[in-house]
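Take a look at the structure below.
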Amino acid sequence: MNYSSIARNTMIAFAAQFISLSVSVVMSLLVPKIVGVADYGYWQLFMFYTTYSGFFHLGLNDGVYLINGGLSRDEIDKSSIKSQYIFGACFQAVICLGITFVSLPLVDDANRVFVIASFALYTVVYNLTSYLGFVFQAMNETKLFSFSTMLDRLVFLAPLLVLIGFKVSDYHPYVYAYLVSKIIALIYCSWMGRDILRAKSVSFGNSLKDGIRSIFVGVKLMIANIADTLILGVSRFLIDHFWGIVAFAKISFSLSLVNFFITFVSQASMVLFPALRTGSEDERVRFYIGIRNSIELIFPAIYLLYFPMVWFLGIWLPQYAVSLKYFALLLPICVFNTKMSLCCTTYFKVLRKEQLLLKLNIVTVICSAVFSIFGVLVLNSLDAVLCGAVICIIGRSLWSELYLNEQLSAPGSTRPFQEILLTVAFVLFTELLSCGTAAILYALVYVGYLLLNHSALKSVASCLTKLKKQR
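Quick note: the sequence shown uses numbering that gives the first Met the number 0, first residue 0, plus one each step.
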């Protein structure tokens, strides 16, 4: 594998996500300061629905990605790719129009109708952009996808700052700005893939055949990805239904902070997949051990960031003070879901274990739903609902790591269980002690964890140094 190329593409991906993260921070810190809690709830409802847009390409994008992963632009079948793009655009447009028209007589809240209609439009645009982005990633041209992300976020940032500057409290213009930014990103991707879109189309029969084949290959991964979002999504649906839009907004505020980090770090996975597909088995194993150890040692430091963030957010957004309590319960997701996305899910795809990933995510969703229903109907506790989802995410990550250790013949360790103990210590400290005392105690525990694993820490530092020299 070309490690220097991986490093360059990863840095570009991180740069794109840094811009995206910056825009997200502006949205999280400034929008709720201006928009009322109810309006912010509808804005978050729209954002929540958009996380399920990927369901409506039925696995087409994922199938194209898996089938063509590792092929260059010269090697890829451009005619087939173009025909499947048109095929996807047509059936998704029909589905989304159907959703909009069906919702009109069934939903009596005008704001929710607007959110659903906006979601339908967003879905078509987003999935077409995603299709081209997946093609770029399959060809190992991940920087093009990263640049489209940068453009998308910067185009959205401009009107966002204007709306904030004029203190626009209505959420509708924010949705419009978000949609326009996605359309601009689609135009950019279409231009960068113009040689593909200008290719001669195959016959309708072959287009349908190729599209169904891609859907058949990708649907497992697509459903697995949707199931991944449902692990927390089930909890959010129940919170919205039983506790209303205000409670939903406050929980969503904490979840949005967590999702920013996960999205930021997980972008590296799009760089790793095509590179690992072309790497040797020995390279895959060595890379797995290195990235696994790095995450296990470095990521628990995230808990230390909680304390300054709570102090700042408590001053800046006092109306969301209750959200900060839930933030402590949700923060472990940053550690375990990121490991799952960056390390485990990537290797499941490389090893073509999409069906296993699907089963694993479905089992996790079912467990999360059981915990959530119990927390709502029996305990009537938001804390119980969120803790149940977090426990399921931790369990999924732990099982996946143990499975991959066996599949790749990689040496295991007790660090995953040490991570769980660190997490339990963090949650207990934040729940039972003052912020300052909790910060000091957790810092001491984390330093002890690093000292206990000093040999692995030296190995990780050595690998990072070698990678830096290769660049």
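Just so you know, even glycine gets a beta-carbon here, dropped at the ideal spot from N, CA and C.
- Less than 8 Å divides the Cβ of residue 59 from the Cβ of residue 213.
- For residue 104, the three-state secondary structure derived from DSSP is helix.
- Secondary structure of residue 10 (DSSP, three-state): helix.
- With fewer than three CB-CB distances shorter than 8 Å, the segment 183-190 does not count as touching the segment 54-70.
- The shortest CA-to-CA distance from residue 98 to any of 69, 81, 314 and 123 is the one to 123.
- When C-alpha distances from residue 90 are compared across 153, 210, 178 and 30, the shortest belongs to 210.
- Taking a cut-off of 8 Å on C-beta distances, the segment 274-293 touches the segment 403-423, as three or more cross pairs fall below it.
- In the structure shown, the three-state DSSP call for residue 397 is helix.
- The beta carbon of residue 367 is closer than 6 Å to those of 230, 233, 388 and 391 in its chain, skipping five residues each way along the sequence.
- Between residue 129 and residue 38, the C-beta spacing is not below 8 Å.
- Contact between residue 175 and residue 155 is ruled out by a C-beta separation of about 10 Å, above the 8 Å threshold.
- In the three-state DSSP reduction, residue 387 falls in the helix class (H, G or I).
- Per DSSP, residue 111 is one residue of the alpha helix (DSSP H) stretching across 109-137.
- Rounded to whole angstroms, residue 146 and residue 138 show a C-alpha spacing of 15 Å.
- For residue 338, the enclosing alpha helix (DSSP H) stretches over residues 331-338.
- Around residue 218, the same chain offers 57, 58, 61 and 62 as residues with beta carbons nearer than 8 Å, after the five sequence neighbours per side are excluded.
- Taking a C-beta distance under 8 Å as the contact criterion, residue 113 and residue 48 do not qualify as a contact pair.
- Around residue 224, the same chain offers 53 as residues with beta carbons nearer than 7 Å, after the five sequence neighbours per side are excluded.
- For residue 374, the three-state secondary structure derived from DSSP is helix.
- In this structure, residue 250 sits away from residue 261, with a CB-CB distance that is not shorter than 8 Å.
- Assignment of alpha helix (DSSP H) within the segment 166-240, counting only whole runs of 4 or more residues, yields 171-191 and 193-196 in chain order.
- Straight across, the Cα-Cα distance linking residue 401 with residue 382 is about 29 Å.
- Taking each of 380, 80, 274 and 437 in turn and checking the Cα distance to residue 9, the smallest one comes out for 274.
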